[in-house]
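Positions in the sequence shown are counted from 1; adding 762 to them yields our numbering.
Right, one structure below, let's go through it.
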Amino acid sequence: MKRDEASNSIAIKVAELRRRPHRFQGLASGHRACLGCGEALAARLVMEAAGPDVMIANATGCLEIFTTPWPESAWRVPWMHSLFENAGAIAAGMEAALKAQGKTTKVLSFAGDGGTFDIGFQSLSGMMERGHNVLYVCYDNEAYMNTGIQRSSSTPHAAMTTTSPPGAERMGKRHLKKDIVSIVAAHHIPYAATTSVAFPTDLRKKVRRAMEIEGPTFLQIHSPCPLGWGTEGEESIAVGRLAVETGLFPIIELERGQLTGVLPIREPKPVIDYLKAQGRFRHLFQDHYKAREELEHLQALADHNIATFGLAGQGVDRHDSSGINRVQREGVRSA
Ligand SMILES: Cc1ncc(C[n+]2csc(CCOP(=O)(O)OP(=O)(O)O)c2C)c(N)n1
Ligand code: SF4
């Protein structure tokens, strides 16, 4: 392409971008999240995709704390703080009240992994079983971050937290990460999916999909936390991508309990690429037989995910874990 033609085509693209309406920003900037917080970016993307006609029930946790330091709020939609344990129940009540008033505003429920996998699970389960029209979003940063990095049932096996320190007895967390999306899908809800803040196109697409469905829907968003994972703020997206590309965090969709979609991995990466990037796994890189055993164990878990969900991609797919990398504004993929 000649130089004049190239600059002409750029000018046309810029003019087109300017004509497009600004995306709705339901979560304003200026809140108090840490630098590079995956949860903050994930919530912003969810709000952009969900649009303005929503109400939120937000469980206690980092997202609630950093967005609403009294008397300020970063939310531009009706938003309610629930207890740690009852975001599902509060959302169910909001949905029932709106329905009684003949309103179609969609209710979203937000919680961290502690608020979802552990303490809020009962109210989430009840909300889904009763069939409320609620999109429940779990921002999964794999520990109770807001209160100082305690392990949750989402914390990966062998990760170090303040309540699963590595030592003579064990190499970090002894137990496995709970498979929450399968447990949720076992409620036979219309739609349950995993996604990652490192794959914004996939994330937005799944929010839009869930918004269109009448009934309970669930999204688990893998959300790196620099403070708890021992990474730099600017590494959040790269680390989040590695979780997916190694197979440790599979991106899947389940409809009425059946697996209906996966994000294929073009070239699975070794789990050590992901683990060595984070302080919470640094004890696995000492010269000790237990550390070597745990590395093998974690690789086996990733291989198991790849085999179970059929994640291994074939050839060069535009929509696999590498192709989806090339994202343009408005989620349009480049060729
Ligand atoms: C019943 C109850 N127990 C404990 C707490 C203290 N608490 C507040 S937030 C929090 C951790 C939240 O963890 P998570 O849900 O994973 O969200 P994150 O902060 O990691 O985003 C805890 C333990 C509480 N508010 N209520
Ligand atoms: S502690 Fe982690 S989840 Fe909480 S605001 Fe900081 S980066 Fe985000």
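Glycine included, C-beta positions come from ideal geometry on N, C-alpha and C.
Computed from a predicted structure; not experimentally measured.
Check, Outcome
"What would DSSP say about I827, mapped onto helix, strand or coil?", "helix"
"Taking the beta strand (DSSP E) that D902 belongs to, which residues open and close that run?", "896-902"
"How many Å lie between E891 and H1045 at the Cα?", "41 Å"
"Output needed for L886: all residues of its chain with C-beta closer than 7 Å, excluding positions within five of it in sequence on either side, in chain order.", "G850, T878, Y898"
"Classify Q1040: buried if its beta carbon has 16 or more other beta carbons within 10 angstroms, exposed otherwise.", "buried"
"Beta-carbon within less than 6 Å of Q884's beta-carbon, same chain only, minus the 5 sequence neighbours each way: which residues are those?", "none"
"Report yes if the CB atom of S915 is closer than 7 Å to the CB atom of A905, and no otherwise.", "no"
"How is A1039 classed by DSSP in three states: helix, strand or coil?", "coil"
"Give the range of the alpha helix (DSSP H) segment to which F1071 is assigned.", "1051-1071"
"Could you name the residues that DSSP lists as bridge partners for Q1048?", "DSSP lists no partner for Q1048."
"With a CB to CB cut of under 7 Å and the five nearest residues on each side skipped, what residues in its chain are close to L803?", "V959"
"Return yes when the C-beta of N903 is under 6 Å from any heavy atom of ligand 2, and no when it is not.", "yes"
"Buried or exposed, going by whether 16 or more other CB atoms sit within 10 Å of the CB of R966?", "buried"
"Return the CA-CA distance between T963 and N908, expressed in angstroms with no decimal places.", "28 Å"
"Does ligand 3 have a heavy atom nearer than 6 Å to the CB of P918?", "This structure lacks ligand 3; its bound ligands are ligand 1 and ligand 2."
"What residues are listed by DSSP as bridge partners for T979?", "L897, Y953"
"When you compare only the Cα positions, how much space is there between E1015 and L981?", "9 Å"
"Can you tell me whether E801 sits near ligand 2, meaning its C-beta is under 6 Å from at least one heavy atom of the ligand?", "yes"
"Using a Cβ-based criterion (distance less than 6 Å to any ligand heavy atom), does C796 qualify as near ligand 1?", "no"
"Among L845, E1056, F872, which residue has its Cα nearest to the Cα of L789?", "F872"
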